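Those protein sequences? They're chains A and B, same order as listed. Note that the first sequence covers residues 4 to 329 in this note's numbering. Note that the second sequence covers residues 4 to 329 in this note's numbering.
2 protein chains.
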Amino acid sequence: MHYGKMVDSHENASRMDHMYAAITTSGQHEMLEPEDNGIALIEQVHDHGYIEFLRTTWARWSTMGKTDPLIPATWATGSFGGEHAGGQSNSIPALIGRYSFAADAPLTAGTWQAAYTGAQSAITAQRLVSAGGRAAFALTRPPGHHAHKDLCGGYCFLNNAAIAAQGFRADGKKVAIIDIDFHHGNGTQDIFYDSSDVLTQSLHGDPDTCFPFYLGFESETGTGEGRGYNQNFAMPLGTGYSDWVVSLNKACERATAFGAEALVIPLGVDAHENDPISGFKLTTEDFGSAAKVLASLNLPTVITMEGGYDMESLGKNVATFINSFS
Amino acid sequence: MHYGKMVDSHENASRMDHMYAAITTSGQHEMLEPEDNGIALIEQVHDHGYIEFLRTTWARWSTMGKTDPLIPATWATGSFGGEHAGGQSNSIPALIGRYSFAADAPLTAGTWQAAYTGAQSAITAQRLVSAGGRAAFALTRPPGHHAHKDLCGGYCFLNNAAIAAQGFRADGKKVAIIDIDFHHGNGTQDIFYDSSDVLTQSLHGDPDTCFPFYLGFESETGTGEGRGYNQNFAMPLGTGYSDWVVSLNKACERATAFGAEALVIPLGVDAHENDPISGFKLTTEDFGSAAKVLASLNLPTVITMEGGYDMESLGKNVATFINSFS
C-alpha cells in the first residue's frame with residue numbers, strides 16, 4: 004500500500020539478489036551465514052507482545068483460510084483506542100492495527116522468518132566486531148530502522164540496527180548510530196530516545212514532506228536521561244552530496260565528542276539520485292565518499308542494510324559503500 | 004479497504020436509492036430537503052483543523068494531478084507521532100493519517116459536499132423537532148456515528164447524530180442517544196465522553212471481535228463530569244432480537260432515569276440477519292418492534308441514518324423502523 008494504491012512492493016526479494024551479486028563480485032569480503040543467537044537480544048529492544056504478534060499471527064491468519072498479505076485497516080490513533088479504551092481485542096485486525104504505523108509492512112507467510120534471520124545477521128555482525136573485527140555488514144532484508152519497540156511500518160519489523168547497538172551496549176560500550184538512509188530512522192530514535200549511552204543521529208528528507216512524516220524533525224533531541232542524545236538532520240528534497248556531507252561531518256563530530264566506542268550505520272542507499280521513492284541527489288561515487296568519512300571515525304562498526312529501491316544502481320551503491328569502508 | 008483488500012465500498016450511493024424508495028412508497032412521511040444552517044453547530048462538535056482538512060484536501064490533491072480516492076497509509080499511532088513528535092507536517096499523507104482511524108473512509112471529490120449536506124440534514128431534523136415536531140429522520144449518507152471530534156473512519160466523516168444532539172444541548176435540553184447500529188458508536192461516545200448532559204448509549208457487536216475493535220467495551224462509562232453518562236451494550240456475534248431487546252429496554256430505562264428531554268437515535272439496520280459485514284440476527288419485523296420500544300419513551304426524537312449493507316433488505320428495514328415509530 005503506497006499512498007493509497009496497491010502496488011508491487013518496492014522492498015522485495017530481487018533487492019537482495021542485486022546487492023549480494025554486487026558485493027561478492029568485488030571479492031574483497033568474507034561472506035558468512037548468520038548464526039542463530041536466539042531471541043534474548045531482540046527481547047531487549049522490542050516489546051514481548053509485539054514479538055509474539057509478529058511470530059504467531061500469520062499462522063492464525065492461515066488457519067482462518069486466509070492467504071492474502073495481512074494489511075492493517077483500522078488502527079489505534081488519537082482519541083481512538085487511547086486512554087479511554089476499556090478493553091484489548093485479541094482479534095487479528097485489532098492486533099495488526101495496534102502494532103503498525105503504516106500499511107506498507109504487511110504480514111506474509113515468510114515475514115517472521117525473514118525478520119528473525121535478519122536480526123540474527125545483525126547480532127552475528129555485532130559479535131564479530133565485538134570480538135575484534137574492524138567492521139561487519141549485516142546484509143538484511145526486510146530493513147529495520149523504521150521499526151519501533153512495538154510498531155512495524157516502512158517495510159520494517161525488527162530493528163536490526165538497534166539490536167546491534169544493544170549488543171554493544173550489553174558489552175558496556177557507548178554506541179553512536181549514524182543513519183544515512185533517505186528516510187528518518189524513527190524506530191531507532193524511538194527505541195533509544197531516553198538513553199544517554201546510545202547517541203542516535205539520522206540524515207534524511209525533511210518529514211514535513213517525506214515519510215515517515217510524524218517524526219524526524221530537528222527539534223527532537225531526546226527525553227529524560229536521553230536529552231541531547233538524539234540529533235536529526237532534516238534536509239530538503241533535491242539535496243546533493245555537497246550539502247549532505249556537511250550534515251554527515253557534523254554527525255561524525257558529535258559521535259567523537261560523545262566518546263563513542265562503537266558505531267552502527269543503518270545504510271540506506273535511497274539517497275541516490277535515481278531512487279523512485281526518495282528525493283536526494285547522491286551519486287554512486289558519493290556513497291564511496293560517505294563511507295570514507297564514516298570509516299575515518301575509526302570505530303568498531305556494524306553496518307545494517309536499510310532502503311534503496313532503484314534496481315539499476317542498488318547493487319553498485321551498496322558495493323561502493325562497503326568496498327570503500329576500510 | 005476492507006481487511007487489507009481493496010473492495011467496492013459497502014457504503015455506496017445505491018444505498019440511498021433503496022432507502023429513499025422504500026420510505027416514499029409508504030406515503031406516510033413528509034419529505035423535505037435540508038436547509039443550510041451553516042458551519043456553526045458542526046464547529047461545536049468537530050475540531051476546526053479536522054473540518055478544514057475535510058473541506059480543502061481534495062482540491063489540494065486534485066491540484067497535484069491525483070484522481071484516485073485518498074486513503075491513509077501512514078498514521079500517528081502509539082509512540083509514533085506521539086508526545087515526542089517535534090513538528091507537524093502539512094503534507095497530505097501526514098494530514099490524512101493524522102485525521103483517520105481506518106482506511107475505509109477515503110476522501111473523494113464529493114466527500115465534503117456529501118458530509119456537509121448530511122450534517123445539514125441532521126441540523127434541519129433537529130430544528131424541526133425543536134420547533135415542536137414529534138420526530139424527524141435525517142436520511143443521510145455517508146453515515147456519521149464513527150466520526151470522532153477529529154477522526155474519520157468507518158465510512159464516517161461528520162457525526163450527524165452528535166451534531167443533532169448538540170443542537171438539543173444548545174436549546175438547553177438533556178439528550179439521550181441510543182445507537183442501534185451493529186457497530187459501536189465510538190465517535191459519538193468520544194465526542195460526549197466528558198459530558199453529563201448527554202447520555203450516550205450503544206448496542207453493538209462485542210469489539211473483541213467486531214469493528215471498531217478499540218472502543219465499545221462495557222467498562223467505558225465516561226470520564227470527569229461525564230462519568231456514568233456512557234453505557235455500552237456489547238453483545239456476541241449471533242445475538243437475536245430476544246436477547247438484543249433486553250439491552251434496548253435497559254438503555255430506555257437509563258434514558259428515563261437520566262431525565263432525557265430529547266432523544267437521538269443513530270439508526271443502523273446492519274443488525275439484520277443478512278448483513279454482509281455484521282453478525283446479529285434481527286429480522287425486518289424486529290426493526291418495527293425496536294422502533295415501538297424507542298417511541299414509547301415519548302421524547303422529541305431525531306433519527307440519523309447510519310449503517311446497513313444488505314441491499315435486499317436495507318430499504319424494508321429502514322422503512323419498517325420509520326413507519327413504526329410514532
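For each residue, glycine too, the CB sits at the ideal point set by N, CA and C. Keep in mind the model is a prediction, meaning the values are calculated, not measured.
List the endpoints of the continuous alpha helix (DSSP H) containing residue i.
| i | result |
| --- | --- |
| B:Leu202 | Careful: B:Leu202 lies outside any alpha helix (DSSP H), inside the beta strand (DSSP E) at 201–208. |
| A:Leu266 | Element bounds for A:Leu266: not the alpha helix (DSSP H) but the beta strand (DSSP E), 265–270. |
| B:Gln129 | 114–133 |
| A:Asp193 | 189–194 |
| A:Leu218 | Unbroken run through A:Leu218: none, as it is neither H nor E. |
| B:Thr323 | 314–327 |
| A:Glu46 | 43–48 |
| B:Leu161 | Where B:Leu161 is concerned, there is no enclosing alpha helix (DSSP H), given that its DSSP letter is neither H nor E. |
| A:His51 | 51–66 |
Tell me which residue opens and which closes the beta strand (DSSP E) that residue i is part of.
| i | result |
| --- | --- |
| B:Thr304 | 304–308 |
| B:Pro96 | No beta strand (DSSP E) holds B:Pro96; the alpha helix (DSSP H) holding it covers 95–101. |
| B:Ala139 | 138–141 |
| B:Val178 | 178–182 |
| A:Gln234 | 233–238 |
Excluding the 5 residues preceding and the 5 following residue i in the sequence, name in chain order all residues of the same chain whose CB lies nearer than 8 Å to its CB.
| i | result |
| --- | --- |
| B:Gly241 | Gly282, Phe283, Lys284 |
| A:Glu264 | Phe171, Lys176, Lys177, Val178, Leu302, Pro303 |
| B:Thr286 | Tyr244, His275, Glu276 |
| B:Ser103 | Pro75, Trp78, Leu154, Cys155, Gly156 |
State the DSSP-derived secondary structure class of residue i, mapped to helix, strand or coil.
| i | result |
| --- | --- |
| B:Leu154 | coil |
| A:Asn301 | coil |
| B:Thr77 | strand |
| B:Ile280 | coil |
| A:His32 | coil |
| B:Ala108 | coil |
| B:Leu285 | strand |
| A:Lys253 | helix |
| B:Lys8 | strand |
| A:His275 | strand |
| B:His87 | coil |
| A:Thr2 | Not covered by the structure: residue 2 of chain A. The range shown for chain A is 4 to 329. |
| B:Ser292 | helix |
| A:Phe261 | helix |
| A:Glu228 | helix |
| A:Phe214 | coil |
| B:His13 | coil |
| A:Phe185 | coil |
| B:Thr70 | coil |
| B:Arg144 | coil |
Can you name, in chain order, every residue of its own chain whose Cβ lies under 7 Å from the Cβ of residue i, other than the five neighbours on each side?
| i | result |
| --- | --- |
| B:Ala25 | Gly318, Lys319, Val321, Ala322 |
| B:Ser329 | Ala298 |
| B:Ala150 | Cys159, Phe160, Leu161, Asn162, Gly190 |
| A:Ser29 | Ala322, Asn326 |
Please name the residue in the options whose C-alpha comes closest to that of residue i.
| i | options | result |
| --- | --- | --- |
| B:Asp200 | B:Glu221, B:Gly190, B:Glu228 | B:Glu228 |
| A:Gln204 | A:Asp184, A:Tyr217, A:Glu276 | A:Asp184 |
| B:Gly121 | B:Ser198, B:Asp11, B:Glu36, B:Thr70 | B:Glu36 |
| A:Cys255 | A:Arg18, A:Thr59, A:Leu202, A:Tyr244 | A:Leu202 |
| B:Ser250 | B:Asn233, B:Val272, B:His207 | B:His207 |
| A:Ser292 | A:Tyr53, A:Gln31, A:Trp247, A:Ile166 | A:Trp247 |
| B:Ala97 | A:Gly100, A:Asp197, A:Phe216 | A:Phe216 |
| A:Ala108 | A:Phe83, A:Glu86, A:Arg144 | A:Arg144 |
| A:Ala118 | A:Arg130, A:Cys155, A:Tyr102 | A:Cys155 |
| B:Thr226 | B:Val48, B:Ser198, B:Ser12, B:Asp278 | B:Ser198 |
| B:Cys213 | B:Gly188, B:Val10, B:Glu55, B:Ala112 | B:Gly188 |
| B:His5 | A:Trp61, A:Pro72, A:Asn252 | A:Pro72 |
| A:Glu55 | A:Ser17, A:Gln129, A:Thr114, A:Glu33 | A:Thr114 |
| A:Arg230 | A:Asp313, A:Asp193, A:Gly84 | A:Asp193 |
| A:Leu300 | A:Gln47, A:Asn252, A:Glu309 | A:Asn252 |
Beta-carbon within less than 6 Å of residue i's beta-carbon, same chain only, minus the 5 sequence neighbours each way: which residues are those?
| i | result |
| --- | --- |
| B:Asp209 | Ala237, Pro239 |
| A:Ala125 | Ala141, Asn163, Ile166, Ala167, Thr307 |
| A:Ser327 | Gly291, Ala294, Lys295 |
| B:Gln31 | Asn326 |
| A:Met19 | Arg144 |
| A:Asp278 | Tyr312, Asp313 |
For the ligand NAD, any of its heavy atoms closer than 7 Å to the Cβ of residue i?
| i | result |
| --- | --- |
| A:Ser292 | For the ligand NAD, the structure offers nothing, since it holds no ligand at all. |
**Message:** Would the segment 135–155 of chain B count as touching the segment 85–98 of chain B if we require 3 or more Cβ pairs under 8 Å?
**Reply:** Fewer than three beta-carbon pairs drawn from the segment 135–155 of chain B and the segment 85–98 of chain B are found closer than 8 Å, and the two stretches are therefore not classed as touching.
**Request:** Could you tell me whether the segment 266–277 of chain B touches the segment 218–225 of chain B, where touching means 3 or more Cβ pairs closer than 8 Å?
**Result:** Touching, no.
**Item:** Touch test, the segment 32–51 of chain A against the segment 28–42 of chain B, Cβ-Cβ under 8 Å, three pairs minimum
**Value:** Because the criterion of three Cβ pairs below 8 Å is not met, the segment 32–51 of chain A and the segment 28–42 of chain B do not touch.
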